[in-house]
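One line per chain: the protein sequences are S and C, in this order. Quick note: the first sequence, position 27, residue 27 per my numbering, numbers continuous. Quick note: the second sequence, position 9, residue 1009 per my numbering, numbers continuous. Positions of the beta carbon are idealized from the N, C-alpha and C atoms, including for glycine. Have a look at the structure below, then the notes.
Number of protein chains: 2
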Amino acid sequence: MERFVLGLDLGGTKINAAVIDGAGKILSSARDKTEAELGAESVLDRIVKTGEKALQGAGIRADQLYAAGIGSPGPLDWQSGVIIESAHLHFDNFPLGPRLSQSFGCPVFVDNDVNAGTYGEFKIGAARGADYALGMFVGTGIGGGIVIHGKLHHGFSKNAGEVGHMVVLAGGPRCNCGARGCLEALASRTGIVNHLRNAVKDGIKTSLTKHHGKRLEEVSSGALKEAYQREDKLVRKTIKRAAKYIGIGIGSLVNVLGPEVVVLGGGVIEALADEMLPVIQKSAARVAFEYSLKGVRIVRASLGDDAGVVGAAIIAKERFETGVQAPEVASEAGR
Amino acid sequence: MERFVLGLDLGGTKINAAVIDGAGKILSSARDKTEAELGAESVLDRIVKTGEKALQGAGIRADQLYAAGIGSPGPLDWQSGVIIESAHLHFDNFPLGPRLSQSFGCPVFVDNDVNAGTYGEFKIGAARGADYALGMFVGTGIGGGIVIHGKLHHGFSKNAGEVGHMVVLAGGPRCNCGARGCLEALASRTGIVNHLRNAVKDGIKTSLTKHHGKRLEEVSSGALKEAYQREDKLVRKTIKRAAKYIGIGIGSLVNVLGPEVVVLGGGVIEALADEMLPVIQKSAARVAFEYSLKGVRIVRASLGDDAGVVGAAIIAKERFETGVQAPEVASEAGR
C-alpha cells in the first residue's frame, strides 16, 4: 500500500492543504478561509475539513496517511505541538498537533508557518542544495526561517528565526511587537502602508488616495505594484526604502549567520520582486563583508503559496522517518 | 605518556599561550607582545616562542603535544588554517595553521579568536551546560561567536558570528567596516570614544579632557570606568548609551537565534560590567519577545583573558579526537 503525507498551512486568512507523495510531489490540494473570528475550535474544524478535501482530491483514505505536518503562526512549541499564543487565531496554549492527530488518526507534526515555507524552499525550491539557508517572508509582517547544516534551527526559545524583529533603526517607528525600529515596522506591508499614511498626512500626494481614499491600510501588495508601475513617486520611494531596510537586515544576517542562500518570499516580494530585489541586493552588499557575501545568493522564493504545505509535509515525513515522536492528546484529554 | 594540548590566542597587541591537560586545566601559561608592525614572519616567530615558553613552564616537550589550537583575528578559513586577511597583523592569505604545525610538529587547528573565547566560556565558563550560546566581546571592536547544538557555528562564509557588524541604527555613525550604524560603531570602545570626542567638539565638558587632553582616542576602558565612578556626566551617558545599543543587538539576536546564554566579555565589559549589564538586560528585554527571552541568561564572561587560550585548546582537542584533519603545509611549501 502506497502511503502519503498531508501538508497543512494555517494562515490568518486562509488554510492550505496538500497531499504529497514520497517524492514530495503534490497530488492534490485544497484551500479554505480560516474565519479566525469564529474561534479556535472552528478553525480546527476547518483545518480538518480542508485536509479531508485534499485527501478526497487525491483519492486517498485517511488511513493511507502515515503522517501530517502543519505550519502555523506562532509562538509555538514544535515539540509538544502546542500553539502558545496567537491573538489573531484565538489560540491560547492550544494543542493543535495533538488535536489534529486525533482527527487524522496519524502523527501530526507542528512547526512555525514561515519555518515550513523556508524548509519547503530549502528542500525543493530556490534554496535547494544549500547547507545553510535563510528564508525571509515579507507580507503583513516579516517572518523568517533558518536552516543550519540542513536542519531547521529552533534554538533554546524554540521560536528562533524572527528576523522581522531584529532592530535595524533604533528609536524608529513603533512595531506591533512593542519595540521600535524592527525590520517589520519598516519594511512589511504594514510598515510600508504606515509610511505612506504618514506621508499623506504630511501633505504628500499619491495616486493611491484616488483609488483607496484615506483607507490606505487596506492597500494590497498588488495595488502597491500598480501604483509603482504608474510611476507614483511616493510609492516608488517608499518601496525602495523598504527594500533598502530589508537589504540592511539581510546584510547583517549574512555577517552574523553566514547563509549560502537567502530566499525572499511573501506577498510584498511576490508582487514587487523585480522592483525590490536589485535594491535589496545592493543594500545588503553595503553591510555584509565582501568575504561573507562571496557566493551568497539572494533570490526570490520559487514555490509561491505551495512552500508552506510542501515544507510542512516534508517536515512531517522526515520527523516521522527519523523516529521523532509526535505529541499525543489522548493522555492529556482530561486536563 | 600523558599528552597535552597547547592553546594559543593571537591578538593585535599580545599573544597568550597555555598548556592544557586532558581535563581542560591550565598547567602553565605565557604571554608576549605581538609587535604586529614587524610583519607576519616575526609574529609567527613570536607565537612559536610564546608557545614554547608555556611548554617549558609546564615541563613538557613538544613531542608530548598531540595538538595545538590558535584563535586569531579573521577573516580566516578555519578548515585550511589560512588567515585570509588581517590588515593590522599584515596577514594576507597567510597559512598560519600549517606553518605552526611545522613548528610544533603536531596538528594545529585554527579558529577565530572570538569563536575560541566563546567556546572556552561555553565549555568551562559562564555558558557551561547550554546547548545554544552566544558570545559577544566588546573591546576596541565587537566580535561574537555562536554555539548551536553544542558546536561552533561557522556558516557558509566560514566567518559567521560577526555580531558587531549587525546594523542597529541604519544611517548611524560610520563603522570601520565601511557600513553605517553597526553595533561596533555605536558600542565598542572605538564607538564610545568617537561619541565622546564628538560631544567634546560640541562643547560638552568631561573630566577626561583633564586627564587625557584632546587625545581621547587613547582612553582605555579602565579610564572610562574611573570617569564613570567620579560621576562624569558625559561618560555616564555615553556608557549607558553603548549599553542600550548592546542590549538592542542582543534582543534582536535572541529573537533571531534563540540562545540560552549570552556571554559578554572583552575589555569594555570587564571594566564596566556592573554599570552596563543591568542596562543591557533591560534594553534587550524591550526588544526580545517575552517567550524567547524566558529562561535566557545574559551574563558576563567568567574566564577573562584565559577564555581564548582555553577555547583554542579545547577546539584543537575535540577536532583531533573526532578525526578532523589539520591542514598541512608540507605539500604546499613550493607554492
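| Query | Result |
| --- | --- |
| N1176/C, DSSP secondary structure in three states | coil |
| Contact list for V287/S against chain C, beta-carbon separation under 7 Å | V1167 and A1179 |
| Proximal residues, the region 1256-1284 of chain C versus chain S, C-beta separation under 8 Å | V1256, L1257, G1258, P1259 and E1260 |
| Euclidean distance between Cα positions of A333/S and R1286/C | Unreliable positioning characterises A333/S in this predicted model, as indicated by a pLDDT of 42, which lies under 50. The coordinate reading is nonetheless provided below. Cα to Cα, A333/S sits roughly 37 Å from R1286/C. |
| Proximity of V83/S and S72/S at Cβ, strictly below 8 Å | The displayed chain sequence assigns Ile, not Val, to residue 83/S. Cβ atoms of I83/S and S72/S: closer than 8 Å. |
| Cutoff 8 Å: S1292/C Cβ touching any chain S Cβ | yes |
| Cβ contact check for the region 201-208 of chain S and the region 245-253 of chain S: 3 or more pairs under 8 Å | no |
| Where H211/S meets chain C, residues with beta-carbon distance less than 7 Å | What H211/S touches in chain C: nothing, since even the nearest Cβ is about 31 Å away. |
| Three-way DSSP call (helix, strand, coil) for P1202/C in this model | Residue identity check: residue 1202/C is Asp in the sequence provided, not Pro. Correct three-state label for D1202/C: coil. |
| Closest Cα partner of E85/S within the set G74/S, P95/S, W78/S and Q79/S | G74/S |
| Any C-beta of chain S under 8 Å from that of I1084/C | yes |
| Members of the region 140-159 of chain S near chain C, C-beta cut-off 9 Å | G144, I146, I148, H149, K151, H153, H154, G155, F156, S157, K158 and N159 |
| Whole-Å CB distance - I26/S paired with V5/S, under 8 Å assumed | The Cβ separation is near 11 Å, so there is no contact. |
| Buried/exposed call for Q1281/C, threshold 16 Cβ in 10 Å | buried |
| Buried or exposed by the 16-neighbour rule on C-beta atoms within 10 Å, applied to N1093/C | exposed |
| Meets three-Cβ-pair contact criterion under 8 Å: the region 190-199 of chain S and the region 1287-1307 of chain C | no |
| Members of the region 1237-1253 of chain C near chain S, C-beta cut-off 9 Å | K1244, Y1245, I1248, G1249, G1251, S1252 and L1253 |
| Residue ranges of each alpha helix (DSSP H) within the region 1071-1149 of chain C, 4 or longer | 1096-1104 and 1113-1124 |
| Distance CB(G1358/C)-CB(I1142/C) smaller than 8 Å | With chain C represented from 1001 up to 1335, any question about residue 1358/C goes unanswered, as that position is not in the structure. |
| Residues near K1014/C in its chain [Cβ-Cβ closer than 8 Å; skip 5 each side] | R1031, D1032, K1033 and T1034 |
| Nearest-angstrom Cα separation, counted from G161/S out to I1315/C | 27 Å |
| Any beta strand (DSSP E) of 3 or more consecutive residues that is wholly inside the region 1243-1275 of chain C | 1261-1265 |
| Member of E1275/C, F1320/C and F1289/C whose CA lies at the smallest distance from the CA of R1300/C | E1275/C |
| Beta bridge counterpart(s) of S28/S as assigned by DSSP | V19/S |
| Alpha-carbon to alpha-carbon, A1054/C and R1061/C | 10 Å |
| Residue from R1319/C, E1318/C, G1323/C and V1309/C whose Cα sits closest to the Cα of A1017/C | V1309/C |
| Burial state of E121/S (16 or more Cβ within 10 Å) | buried |
| Buried/exposed call for A1330/C, threshold 16 Cβ in 10 Å | Residue confidence for A1330/C is low, a pLDDT of 49 falling below 50, so the modelled location carries little weight and cannot support an answer. |
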